[in-house]
Structure formats: C-alpha cells, structure tokens
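Engineer:
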Amino acid sequence: MAKPGGVFCVEGLWDNDLAQRGSVLPTLELLERLGTIRFIHRDTATPEELHYFLDRWLTRKYSTYEVGFFALHGSPSEVHLSDSHSVRLKEIASWMSGRCEGKRLYFGSCSALRASEGTLAEFLRETGAAMVCGFTKKIDWIESAAFETVVLNRLVNGGRVNSVEQLARSARWAPLAQHLGFRVFYRNGDPARLPSMRTPQESAVRT
C-alpha cells in the first residue's frame, strides 16, 4: 500500500502566555490517524528558526512532503512568528528560491494573502511552487480549523493543482470559503474563480 502524501508544517507562537496550548497539531493528527496524510511539524518563534526548518524541508530527504503549511499569525503580505518577530512573504520566497518546484503552499494565517497579484506572482516565480492559498481576512480559530481539515486533505490527495479551488467553489464549502476570505493563486497565471476573491488594489495593501 502506497504511503499517503506528506505535509511539512511550521507553527508559530500563537500566544505570549506559554501555558496556552492552541495548536494545529490536532488537525494534522486527525488526518494522519485517518490515513490520509503523513506530516512533519516544527515549532518556530524566530526568523532564524523558520529559515532553518524551511531549508531542511527542501532537501531531497523530505521531497515527498509536497505540501508546505505555514501555521502562523499574519497580516497583509506578512507572517508573525511571535509578538516580536515578523517575516515578509518576499523574504520567505528568497529563502526557498527555486526549490519548491511543484509544491503546494498553504498559509493558515490571518490576512497573509491580502496581497497584490504582483506580490503573489513574484512569490511563486521565486519559489517555483505550483500554487499558494490562504486567507485575506482575520479568521476565527474554530471556523478555520474546520475548513483547514478539508483543505489539507485536498492539497495532499486532490491530484490536480486546482483541486482546492474546486473544493472552495462547491456548494458545501463555498459559503465558509467566502466568509474566511479564502484565496488561491497559481504560478501558471490561471485565474482562480472563487466568490470570496476580491483582488486588492496595489495602494490598499503592504507589498
């Protein structure tokens, strides 16, 4: 029996209170127990840690982990590893330059994909990833966790590069995708046709 596809997840610090236990691990563990994915999960709180783990992920040893999952706080064109450490999408792209051929990248972050088309096109051109998806709004943990479960499953097992778009357009999931501001962008330039997508104006976002 073939091994399920792999997800490589880096997760930031959600709360300054270290006693808080919020994490995406239960979602990953659920999918693993159902036999639909394998995963590697690493916590990261600084740019140096994020850079290190991305560099390790993109070695030949982990080539079967074709979905990259960024579980981090976010704002337009940027992710936050902790309250004192942020990284622009442009910098993340430079760390992964030319090493993500065919990979699918998912930002489970508030507003990180509220970026111009030019910013996302350059991100995919630099990394070589086939597509990137994520959110353009502030998102609720419970709602996004429900959606995230089916998104990760589809990213790993959907086959076609637009399989997540098809999911988000379906009658069952389109209302939640729209509510969360879910966005998909492809390196080949094909437009994603989602009811939630409203292309931000260049002047309205930080690039």
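In terms of full-length UniProt numbering, the sequence shown opens at residue 1 and continues consecutively. Quick reminder that beta carbons are idealized off the backbone N, C-alpha and C, glycines included.
(1) Where do the ends of the beta strand (DSSP E) carrying R183 lie?
(2) List, from N- to C-terminal side, the alpha helix (DSSP H) runs of 4 residues or more that fit wholly inside the stretch 68–149.
(3) Indicate whether L54 and H41 have their beta-carbon atoms separated by less than 8 Å.
(4) Give every residue of the same chain whose Cβ lies closer than 8 Å to the Cβ of H51, excluding the five residues on either side of it in the sequence, and list them in chain order.
(5) Relative to the alpha-carbon of E101, which residue among E122, G128, D83 and E91 has its alpha-carbon at the smallest distance?
(6) Flag this pair as yes or no: are the beta carbons of A177 and L155 separated by less than 8 Å?
(7) Please report the Cβ distance between F39 and L89, rounded to the nearest whole angstrom; I am assuming they are in contact, meaning their Cβ atoms lie under 8 Å.
(8) According to DSSP, E11 sits in a beta bridge with which residue or residues?
(9) Please tell me whether P76 and G35 are closer than 8 Å, where the distance is taken between their beta carbons.
(10) Got a sec? Which residues, its chain only, sit under 6 Å from Y186 by beta carbon, not counting five neighbours each side?
(11) For N188 and E91, what's the separation of their Cα atoms in angstroms?
(12) Do F135 and F182 have their CB atoms nearer than 8 Å?
(13) Looking at C-beta atoms only, is the number of pairs between the stretch 167–176 and the stretch 111–122 that lie closer than 8 Å three or more?
(14) Could you pull the DSSP bridge partners for G6 from this structure?
(15) Just to confirm before moving on: does the CB-CB distance between E143 and A93 stay below 8 Å?
(16) By how many angstroms is the C-alpha of D190 removed from the C-alpha of D17?
(17) What's the gap between the Cα of F147 and the Cα of K138?
(18) Any heavy atom of the ligand ZN closer than 7 Å to the beta-carbon of A115?
(19) For my contact list, G158 and K103 are in at a C-beta cut-off of 8 Å; report their separation, rounded to the angstrom.
(20) For S170, name the three-state secondary structure that DSSP assigns.
(21) What residue range is occupied by the uninterrupted alpha helix (DSSP H) comprising T27?
Structural biologist: Judging by the given coordinates:
(1) F182 to Y186
(2) 89–95 and 117–127
(3) no
(4) W95, listed in sequence order.
(5) G128
(6) no
(7) At roughly 23 Å, the Cβ-Cβ gap does not stay under 8 Å, so F39 and L89 are not in contact.
(8) D43 and A71
(9) no
(10) M131
(11) 21 Å
(12) yes
(13) no
(14) R38
(15) The answer is no: Cβ separation not under 8 Å.
(16) If you take the alpha carbons of D17 and D190, they lie about 42 Å apart.
(17) 14 Å
(18) For the structure depicted, the ligand ZN is absent and the ligand set is empty, with no information on it obtainable.
(19) Not confirmed; about 14 Å, so no contact.
(20) Here S170 sits in coil by DSSP.
(21) L25 to R33
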